[in-house]
Amino acid sequence: WEKSKGVIVADLRADLARADAEVKEAVIRENALHADLKEAREEIKDLRQRIEKESRVKEEQEAHHREREDSRERNRLSFAAQLEENQVMLLKSAAQLEEVSRKKQALEGDIIKLEAALTRNEERKWTKDSGSQVHRIKLKTACNIASWNPRIQADAFPSTLTRTSFKLKLIYSRGL
Numbered sequence: 013w014e015k016s017k018g019v020i021v022a023d024l025r026a027d028l029a030r031a032d033a034e035v036k037e038a039v040i041r042e043n044a045l046h047a048d049l050k051e052a053r054e055e056i057k058d059l060r061q062r063i064e065k066e067s068r069v070k071e072e073q074e075a076h077h078r079e080r081e082d083s084r085e086r087n088r089l090s091f092a093a094q095l096e097e098n099q100v101m102l103l104k105s106a107a108q109l110e111e112v113s114r115k116k117q118a119l120e121g122d123i124i125k126l127e128a129a130l131t132r133n134e135e136r137k138w139t140k141d142s143g144s145q146v147h148r149i150k151l152k153t154a155c156n157i158a159s160w161n162p163r164i165q166a167d168a169f170p171s172t173l174t175r176t177s178f179k180l181k182l183i184y185s186r187g188l
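Taking the working numbering, the leading residue of the sequence shown gets 13, the next gets one more, and so forth.
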């Protein structure tokens, strides 16, 4: 029996040693798992930080892109507004030019009518007062005025007027 007790005790001691070795292996595995877990947590933390940084960079890029697009849109709208304003000014200028052209044509027509009336009046006067001293003085005065005033010369002798009709026009306009 003692022998069997000794064998049992030896078996128990062997079982205890195996169990102790298994516990030590389990502790080593657990420590390795804790180290792996800690490393995984660090990796997760690094990944989160990287993701947050990439998100911030992406948001900043999107904000910059939106700002650039908004700036382009503002510039486009500003250009369109200036273009429209310039078109309105151009239309106003065209309308004013057309009005001035109409007035010029009307004045040219009036000048032609006045020339005709002056010519008729000149013919009547020449037949009536052809030898009159007053008439010669008026013509001489009109020619003198035209000769010393260059503005009158430039304005007074357009291609459609003759020198005689100018003299008459000048005489009648000055009341000489």
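Backbone N, C-alpha and C fix where the C-beta goes; we use that ideal spot for every residue, glycine too.
- Where residue 53 and residue 44 are concerned, what is the direct C-alpha to C-alpha distance, given to the nearest angstrom? One C-alpha to the other measures close to 14 angstroms.
- Between the CA atoms of residue 59 and residue 21 - distance to the nearest angstrom: Cα to Cα, the separation comes out at about 55 angstroms.
- Measure the alpha-carbon distance for residue 80 versus residue 90 and round it to whole angstroms. CA-to-CA, the gap between residue 80 and residue 90 works out to about 15 angstroms.
- Message: My parser needs the alpha helix (DSSP H) runs of 4 or more residues fully inside the segment 16-103; what are they?
- Response: Runs of the alpha helix (DSSP H) inside the segment 16-103: none found.
- Within 10 angstroms of the Cβ of residue 103, are there 16 or more other Cβ atoms? Answer buried if so, exposed if not. By the beta-carbon neighbour count (other beta carbons within 10 angstroms, threshold 16), residue 103 is exposed.
- Task: Quick one: residues in its chain with C-beta nearer than 7 angstroms to the C-beta of residue 101, no 5 flanking neighbours on either side, listed in chain order?
- Result: Nothing meets the Cβ criterion.
- Task: Quick one: using the 10 Å Cβ neighbour count with 16 as the cut-off for buried, is residue 130 buried or exposed?
- Result: By the C-beta density criterion, residue 130 is buried, having at least 16 other C-beta atoms within 10 angstroms.
- Alpha-carbon spacing of residue 69 relative to residue 63, whole angstroms: Between the C-alpha atoms of residue 69 and residue 63 there is a straight-line separation of about 10 angstroms.
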